[in-house]
Each structure stands twice: as structure tokens, then as C-alpha cells.
Amino acid sequence: MFSKQQSNQVLGIALQQGSLTSCLMPKIQQLTQNEGIELPQPSCQNTPVILSDFAKAIAALHTDSPLKGQCHLVLNAQQSQIVQVDKPNVPANEIISALKWQIKDLVTISPDNMVVDYFDGPLLSGGKEKINVVCAPLNELKKLVAAINKTDAEVTSIITEEFAFANLLPVQNDACLLVCQQPNEEITLLIVKQGQLYFHRRLRGFSQIAKKSEDELTMTMIDSLALEIQRSSDYFERQLKQAPIRAIKILIPMASESFFARKLAENTHLAVDLLALPDTFEQYKYRAHAAAIGATLLATRLAEKEQWQAQELTHAS
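So the mapping is simple: the working numbering equals the position in the sequence shown, first residue as 1, plus 54.
So this is what it looks like as C-alpha cells:
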């Protein structure tokens, strides 16, 4: 009786340094089922955040532009930590509780205030089984979820930037190395193959890259980034026993993004292209909202991955 009205909208909210970005869009399935019918265009906004009070910023955003639909929340590096550890030798239903104590000395969050989840990593050479543990402070998450649930939206998932960026890439067989960043955030390196996150790394020292001149990019940033890309590619090939990376895509919202891609290609001797946003968004130049946009694509990419896996099983049989 008092449940929220169902909405055909999907909402992505991404937390950033000093701001949050949001993207409200029609569900993909609604677009396909209503061809020829004019549907609401996606709406992306940037909301300032004062003193890291994201809950207050969410309330202000709702006042200016009512939030509704299924909400996917994206945590940045300040709200989440990721560490890779050996998979604990315990029953599946005990892994989460075991991980809290296994990582307590590797992160800055107290086990008593820790929300933990994990995703499996690819098998390392030698058969070592690793998992990637994601943790966030419970008290902060409660504030964020409560703030969103006070609107006409409802939190459906909470993910990190790594998964939001990976969602921007359609499921494909070949591995792709992504270089992604959002305003005032650090650069994230990802290697995605067949819809799976094979490698991720949060770099440091690149948060102000958009303010650099082309000369500064050439003299400092590009060489440093190319070195990190080489290290990541070596790990992917040698430790994970994968074929060499042949394509790099970048998403760095700045005026000299194309110049940066061209120079990076010269340095790495690989094809480097700009990571395209879905057509619906590309025309509006919403690259600074990429994490929020990626969040809205979560269900779409999961469906693509399931379809791809089903096709692989069919071919194998």
C-alpha cells in the first residue's frame, strides 16, 4: 500500500571528490519495446558536495530534480578499498565473515564497521586461487542508502568505479585495457575480457591530469602512464597466461583527450582509441558522467554476459 510507485527509469549515482554525478535514463528494455515512441531523454547532472556530506548532496539533488527508479550507487576510491588475498579454505557461506578478519591489517576500516564482498580473480600461474575483496565503511553506506531511499528511488546495487567503467565496454571475446578517470579522481587501469574484470589498479598522481597542458602531458604524464600500462600488460600475459593486449581505450574527460590518446599510442605501440559512451549519451558529451552512466548499464551487461556464456556452451557441445 505504501510502496514506492514503480518507475521505468534507471538511476546511476557516482561519488567523486567534491561532487557527485547522476544519470537518469529509461530502462534499455523499455527502449526496445517502444520503438517509434518518444521516450524521456537521459538526464545527467553534477552536484557539488560540501565537506564530503554526500547524503546532504543527494537530498539537494532530489529537491532540484526528483530522483526515481532503480538506483545503482558507485563508490570511488575514498569510499571503498580493494585488496587481493588467497581464497579462505572455509565453506562458501562462511567466506564473508572470514574475510573481515583476513584483511583487517590490509585496510583502514575496522572489522566492526566493515561491509565486505568479493569477486573471484582469474587463476594465477601455478594454480593459485585468489579473490578480490571489496570493503566499505558500514556507517557511511547506511547514510547514503537512507538518503537515496528517502527519495522516489530505491538502491538496487552498490558497486565500485571499476565495475562502472567496465560496464561501458560491451561483452567481447578479446581483452581490452581501459584507462579511465572522472574529474578530480585518480586514473583507474582495467583489463576486461568476456565481460570479466581480469585486472584492476588504482593509480596515484593523475587526479589533476585535465589541467595539464599538452607539453606537460608529453613530458611527464604519458611516460608514467605508459610504464604502468606495460606493467599491467606483463602481469596479464605472464601471471594470468593470457594473450597479449592489442587494444587500449581511454576515457579521460579533458579538452586534450584525443591528443593524449595519440601520444599514448606512440609510446605504447598499441592501438589507442577513445572509449565511446552509448550513442544515447555520446551526443551530449557526458564523459564526465561516465561512472554514473556505467552504473545504469549493469543489468544490460549482466544479460549480455549470460547470453555470451550460453553461446559458448552451445558451441562447446
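Even for Gly, the Cβ is constructed at its ideal location relative to N, Cα and C.
Report the rounded CA-to-CA distance for arginine 341 versus valine 144, giving the unit in angstroms.
Indexing the sequence shown from 1 puts residue 341 at position 287. Indexing the sequence shown from 1 puts residue 144 at position 90. If I take the Cα positions, the gap works out to 43 angstroms.
How long is the line joining the alpha carbons of alanine 364 and glutamine 226, rounded to whole angstroms?
Taking the sequence shown and counting its residues from 1, one reaches residue 364 at position 310. Taking the sequence shown and counting its residues from 1, one reaches residue 226 at position 172. So the alpha carbons of these two residues sit roughly 14 angstroms apart.
Would you give the residue range spanned by the alpha helix (DSSP H) that threonine 117 belongs to?
Your numbering for residue 117 matches position 63 in the sequence shown. Start and end: 108 to 118.
Three-state secondary structure (DSSP) of lysine 197:
For the purposes of this step, residue 197 is identified with residue 143 of the sequence shown, where counting begins at 1. It is helical.
Skipping 5 residues on each side, what residues in its chain have a beta carbon closer than 7 angstroms to that of serine 73?
For this step, residue 73 is matched to residue 19 along the sequence shown. Cβ contact annotation for serine 73 (same chain, cutoff 7 angstroms, sequence separation greater than five): Asn100, Thr101, Pro102, Val103, in chain order.
Does the distance from the C-beta atom of isoleucine 163 to that of leucine 231 stay below 8 angstroms?
Translated into the one-based positions of the sequence shown, residue 163 becomes position 109. Translated into the one-based positions of the sequence shown, residue 231 becomes position 177. No, they are not a contact pair.
When you compare the CB positions of leucine 65 and phenylalanine 108, do they come within less than 8 angstroms of one another, or not?
Counted from its first residue, the sequence shown places residue 65 at position 11. Counted from its first residue, the sequence shown places residue 108 at position 54. No, these two residues do not count as a Cβ contact at 8 angstroms.
Spatial neighbours of valine 199 within its chain, please: C-beta separation below 6 angstroms, excluding the five flanking residues on both sides.
Counting from one through the sequence shown, the residue named residue 199 turns up at place 145. Within the same chain, Cβ atoms closer than 6 angstroms to the Cβ of valine 199 are found at Val209, the five residues on either side in sequence being excluded.
Beta-carbon contacts of glutamine 63 that lie in its chain and below 6 angstroms, excluding the five residues immediately before and after:
Start at 1 with the first residue of the sequence shown, and residue 63 comes out as number 9. Its chain contains Leu78, Lys122, Gly123 as the residues whose beta carbon lies nearer than 6 angstroms to that of glutamine 63, once the 5 sequence neighbours on both sides are disregarded; these appear in chain order.
My output table needs one value for phenylalanine 260: the three-state DSSP class, helix, strand or coil.
In the sequence shown, the residue the question calls residue 260 occupies position 206. Phenylalanine 260 falls in the coil class under three-state DSSP.
Got a sec, what are the start and stop residues for the beta strand (DSSP E) threonine 75 sits in?
Working through the sequence shown from its first residue, we reach residue 75 at position 21. Its beta strand (DSSP E) spans residues 73 to 80.
Cut-off 6 angstroms between Cβ atoms - residues of its own chain near glutamine 235, not counting five sequence neighbours on either side
For the purposes of this step, residue 235 is taken as residue 181 along the sequence shown, with counting starting at 1. Excluding positions up to five away in sequence, the list reads Ile241, Ile306.
Could you tell me which residues DSSP puts in a beta bridge with aspartate 174?
Position 120 of the sequence shown, counted from the start, is the residue given in the question as residue 174. For aspartate 174, the beta-bridge partners assigned by DSSP are Ile185.
Start and end of the alpha helix (DSSP H) containing glycine 348?
One-based indexing of the sequence shown puts residue 348 at position 294. Element bounds for glycine 348: 344 to 350.
Measuring only the C-alpha atoms, how far is glutamine 84 from aspartate 333?
If you number the sequence shown from 1, residue 84 lands on position 30. If you number the sequence shown from 1, residue 333 lands on position 279. In this predicted model, glutamine 84 has a pLDDT of only 45, less than 50, meaning its place in the structure is not dependable; the value taken from the coordinates is given anyway. So the two alpha carbons sit approximately 16 angstroms from each other.
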